[in-house]
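Okay, structure first, notes after.
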Amino acid sequence: MSYGYAGKILAMDLTSQKIQKTSTENYFDAELFVGGKGLGALILWRELKPHIDPLSPENVLVFSTGPLTGTLCPSARMCIVAKSPSTNTFCDSHIGGHLGSEIKFAGYDAIIVRGKSERPVYLWVNNEEVEICDAKHLWGLDTFHTEEKIRNERNDPTIRIACIGPAGEHLVKFALVNTERYRQAGRGGIGAVMGSKNLKALAVQGSGQIRIHNLESFIRVAKEAREAILENKTIRARRRWGTARSVLFSSDRDLFPTRNFREATFEAAENLSAEVFEKRFWVKHKACHGCPVNCGKLGVVRSGTYAGTVVEGAEYETASLVGANCGISNHEAIVYANMLCDKLGLDTISTGNVIAFAMECYEKGMLTTKDTDGLQLNFGNEEALIKMIQKIATREDVGNLLADGVKQYSEKVGEKTGAFAMHVKGLELPGWGVRAAPGMGLAYATADRGGCHMRAWTTRHEISGVVEIVKSQQDYYAACDCLVACQFVKDVVGKERYVQMLNAATGMQMTTDDFVKVGERIWNLTRLFNVREGFGRKDDTLPKRMLTEPLPSGIAKGQRLTQAQLDQMLDEYYELRRWSIQTGTPSKEKLRELELNPVNS
Amino acid sequence: MPRAVIVNYRECTGCRICELACSVRNENVVSPQLSRIRVDPFPPSLDVPVVCVQCGKAPCIEACPLGLLIRDSETRAVVVQEELCNGCGSCINACPAQAIFMHPTRHVAIKCHLCEGDPECVKLCPTDALNLYDLPFDTRVFAKKSNEIAEELRKHVLMLPEER
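From first to last, the protein sequence lines stand for chains A and B. For the first sequence, my numbering begins at 121 and goes up steadily by one. For the second sequence, my numbering begins at 1141 and goes up steadily by one.
Set out below in C-alpha cells:
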C-alpha cells in the first residue's frame, strides 16, 4: 500500500494505442527522485535518445505530480516534462489549478504519453477507466471551448482538463498547456509537444483518496506551514494584489523589461500597477487546489474597446512582457491580450518577447510593413500587438515566422538582430532585467530550461555572494519541484517543514540534508541531459544587449553586466558545483556523490 | 435557533481546502469525494461551496422513510444515523441545496454535522468565506442549488450578460 503517493503510473503509447499501468513503487526510487520534476527528469534521461526532434513521436510527455500534491500541504501542484522544442533542452513546465490533485485522486502519480496518434485524440481518465478518445470535433477549438465541450459531452462540470489551443496544434514553439481557462504550463513549448502527438487534451475525473502514513503529525505540520504562510508579510501582499504587486517595485529598481529590454524602467508603470487593477478590474480572488495564498485575481473589463473581457491576471510576467516590453500602457489592452494568449494557447512571456523583438526591428527599419502584413509594429501599438498574437497562434502569414520564437526569428531577419534577441538557449527572457541584478544573469545563463526565473531568483544589486545564492536556490527549488511545491511559498514553508510533511505523508525517513541533496541530484541530472544534447559552458550565456548596452535610465543608469563579470561568476559557479570549468560538465566525483552512477552508465 | 455554516460566496477562491479538511476530520483520509462540503466549479472561473444550511424546517428529516435524520440537541445540526442508513437516497433528493451526498463505498447518506459544533472547514478556510452563525430565523432561506448561486454571481459580481 502506498502512502502520500497515489500508487500507480499510467503510460500510454499513442502510436500503438497501448495502455499500461505500473506500480509507482516498482517504477523508480522515490527516496532518490521523489516525484514531479525528479521523476520526469529520470524518465527523459532513461528513455530519450540524444538529439531527437522534440516535435517527433520519439519525445515523451510526462504529466507528473508529487507525493504532496492533493494533500493538505499548502500549494502543491504538478509539472509537465518533455524535451523542449524552444530550446532542445530538458524542460519541466509547472501548472496550478486542480489537475494535479485530480490525477492523484484518480489513482496515478504520473501519466506518461509516448508516440504519436494518427488522428487527433484526447485522453479520458476516469479512475481505473482509461480511454484514448477521438478528438476530431475538438481540433481547431480554443482552450476555453475545448474544456467546455468535454465537460458538456460527459455531463460533468467537475472534470479537470489540460488542453492545447490552436497554437499547440500549429506547433508554435512557445505554445502552452492550459487548464481551467486561466492556469497554464506556460514555458518551453510543452503545448507544441502535445500538438505534435495529435493530443488535444487530457481529461481526468478522480474519486479516490490519498492515504497519509502518519495523519496526525502530517496535519500538525501542514497547519504550521499554513500559519507561517498566512502570517508572512510578503504573502499577505500577494494574497491581496497577486504578482502584479511587483510591477512598481521592479520598475523602481530598474529591473522591468521595457521596449524589448532596451530600458528597465517604464514611464507608465503606474498604469500597470496592482492598485489600478484592483480599483478598475478585479472582482474576485482565485486559488489553486489546497492553496491559502489565492494569488490569482479574476477581473472583468467594464467598458471601452475590450469591455466584457474576463481573465485571471494580469500577472506580473504578463504585465511586464506583453505590457511594458511592447510599450503598452493601457491595462485593458494588456488583460485582453492576456486572455487571448490563454484562449489560443500561447505563453505570454515568449509572445511578449517575440513581438517586442519584431517591434524593435520595425522601428530600426530592419522590417517594413511589407514584412509585417501591413501592421505598423511600433512600440505601444496595441492593435498591432493583438493582431500579431492572433497571427502567431495559427501561423498566419508573418505569424509563421514569429511562431518559431525569438532565436529562430532573429536568425531569419538577420545576424545583426542577434544582439537584441532576448533569449537564453532559445527560451525568451522573463520579466526581470539583469543589469541591475547580476544574480539573475547567472540564474538565466545556467537554468536547465534556458532563460527562466523560476530556478533561482535574486534581485540583489551587488555581485558579491550571488553565486552561492543562485546555487543553493537552484538545489532547494529543484527539490521543491519534486514535491511539487509552489514557488510562492517554498521559502516561507522552509525545508524542515517540507521534509516533515514528506516523511509523515509517505513514511520515508529523509533528513533536510537528504532533501536538498535530492534537489542537487535533479539539477545534475537535468544538466547531464543537456550535456548529452550538446550543451555546455559555451551556451551558458546571456543576450548581447545585457552584456554590452548600459542601462539608459533609472536608478541603475549606466550599469551593465560585463562579459568578464559573467565569466567570473561562471568560473565560481562551476567550481562550487564541481563541474568542469572548461565545459560545464558535472564531474564523475560529483555524480558518484549524488548516487547518479547508475543513470549515468 | 438554527446554527449553520454560512457561505460568503464572493470570498470563495476555489481552493477546496474545506473539502480536504472535512474528509480528514471525518474519514481520516484525503479525498474530496468523502467530504461533506463540496465546491462546484462553474465557467468562467466561479466556485460555489455546497454545504448543509441546517434548515429549521428540514425537508430531509421529513423525507427519510426510516426517520433516521434527527436534530442533534446539542449542536443543533441535522445528523444522519449512518449506521442504520440503507442508502435509499430520499434525503438526497429532498435537499433543496443538494448538500447531502452518497458515500461512494459505504453507500450511506453523508452530510455536514458541524463537527460536534466546531466545523473543521470553518477553521481552515483561508478567506473566511465559511462562517458558523447562530441565526434567529429559518436558515432554509439560504438553501439554494449551486447553479442558481453561480448565476447570481455571474449577474452581480462578474456582471456578465446571461449568455456569452
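Backbone N, C-alpha and C define an ideal beta-carbon position, used for all residues, glycine too.
{"Check": "Can you tell me whether DSSP reads B/V1145 as helix, strand or coil?", "Outcome": "strand"}
{"Check": "Buried or exposed for A/P194, please, with buried defined as at least 16 other CB atoms from any protein chain shown within 10 angstroms of its CB.", "Outcome": "buried"}
{"Check": "So, does the stretch 314-323 of chain A touch the stretch 231-251 of chain A, judging by three or more C-beta pairs under 8 Å?", "Outcome": "yes"}
{"Check": "With DSSP run on the structure shown, which of helix, strand or coil describes A/W643?", "Outcome": "helix"}
{"Check": "Quick test of the definition: if touching needs 3 or more C-beta pairs under 8 Å, does the stretch 377-390 of chain A touch the stretch 420-428 of chain A?", "Outcome": "no"}
{"Check": "Sorted by chain position, which residues of the same chain lie with C-beta nearer than 6 Å to A/G127's C-beta, five sequence neighbours on each side aside?", "Outcome": "T144"}
{"Check": "DSSP three-state call for A/D276: helix, strand or coil?", "Outcome": "coil"}
{"Check": "Report yes or no: is there a C-beta of chain A within less than 8 Å of the C-beta of B/G1154?", "Outcome": "yes"}
{"Check": "Taking DSSP as the reference, what is the three-state secondary structure of A/N720?", "Outcome": "With a pLDDT of 48 at A/N720, under the threshold of 50, the modelled position of this residue cannot be trusted, and the question is left open."}
{"Check": "Is there a Cβ from chain A that is less than 8 Å from the Cβ of B/N1148?", "Outcome": "no"}
{"Check": "Please list, in chain order, all residues of the same chain as A/F148 whose beta carbon is under 7 Å from its beta carbon, the five residues on each side excluded.", "Outcome": "L159, L162"}
{"Check": "Using a C-beta to C-beta distance shorter than 9 Å, which residues of chain A count as neighbours of B/P1189?", "Outcome": "Going along chain A, no residue has its Cβ under 9 Å from B/P1189, so there is no contact; the nearest lies around 13 Å."}
{"Check": "Mapping DSSP to helix, strand and coil, what is B/P1172?", "Outcome": "helix"}
{"Check": "Is DSSP giving A/V638 helix, strand or coil here?", "Outcome": "helix"}
{"Check": "With a Cβ-Cβ cutoff of 8 Å, do A/S735 and A/G156 count as a contact?", "Outcome": "The structure shown does not extend to residue 735 of chain A, since chain A spans only 121 to 721, so no value can be given for it."}
{"Check": "Starting from the beta carbon of B/D1180, find every residue of chain A whose beta carbon is closer than 8 Å, and list them in chain order.", "Outcome": "P277, T278"}
{"Check": "Does DSSP put A/E289 in a helix, a strand or coil?", "Outcome": "helix"}
{"Check": "The beta strand (DSSP E) that contains A/F210, what's its start and end?", "Outcome": "210-215"}
{"Check": "Nearest-angstrom Cα distance between A/D660 and A/M132?", "Outcome": "35 Å"}
{"Check": "The beta strand (DSSP E) spanning A/L130 covers which residue range?", "Outcome": "128-133"}
{"Check": "Taking Cβ positions only, does A/L418 come closer than 8 Å to chain B?", "Outcome": "yes"}
{"Check": "Can you tell me which of A/M314, A/A348, A/N298 puts its alpha carbon nearest to the alpha carbon of A/K610?", "Outcome": "A/A348"}
{"Check": "Counting along the chain, where does the alpha helix (DSSP H) carrying A/W361 start and finish?", "Outcome": "353-361"}
{"Check": "Need the endpoints of the beta strand (DSSP E) that B/C1158 sits in, please.", "Outcome": "Counting along the chain, B/C1158 falls outside any beta strand (DSSP E), though it belongs to the alpha helix (DSSP H) covering 1157-1167."}
{"Check": "What number of angstroms, rounded off, separates the C-alpha of A/Q304 from the C-alpha of A/L175?", "Outcome": "20 Å"}
{"Check": "Of all the CB atoms in chain A, is at least one closer than 8 Å to the CB of B/V1248?", "Outcome": "no"}
{"Check": "Can you give me, in chain order, the residues of the stretch 390-423 of chain A that have a beta carbon less than 9 Å from any beta carbon in chain B?", "Outcome": "V403, K404, H405, K406, A407, C408, H409, G410, C411, P412, V413, N414, G416, L418, V420, R422"}
{"Check": "Counting contacts by CB-CB distance shorter than 8 Å, is A/V613 in contact with chain B?", "Outcome": "no"}
{"Check": "Per DSSP, what are the beta-bridge partners of B/Y1273 in this structure?", "Outcome": "B/A1144"}
{"Check": "Would you check if the distance between the CB atom of A/V292 and the CB atom of A/I310 is smaller than 8 Å?", "Outcome": "no"}
{"Check": "What separation, rounded to the nearest whole angstrom, lies between the Cα atoms of A/P170 and A/E695?", "Outcome": "27 Å"}
{"Check": "For A/I339, would you say it is in contact with chain B, using Cβ-to-Cβ distances shorter than 8 Å as the test?", "Outcome": "yes"}
{"Check": "Chain B beta carbons: is any one of them nearer than 8 Å to that of A/T191?", "Outcome": "yes"}
{"Check": "Nearest CA to the CA of A/H109: which residue from A/K708, A/S584, A/V590?", "Outcome": "Residue 109 of chain A lies beyond the residue range present for chain A, which begins at 121 and ends at 721; the question has no answer from this structure."}
{"Check": "Is the Cβ-Cβ distance between B/C1155 and A/A407 less than 8 Å?", "Outcome": "yes"}
{"Check": "For a cutoff of 8 Å on Cβ pairs, would you count A/Y426 as touching chain B?", "Outcome": "no"}
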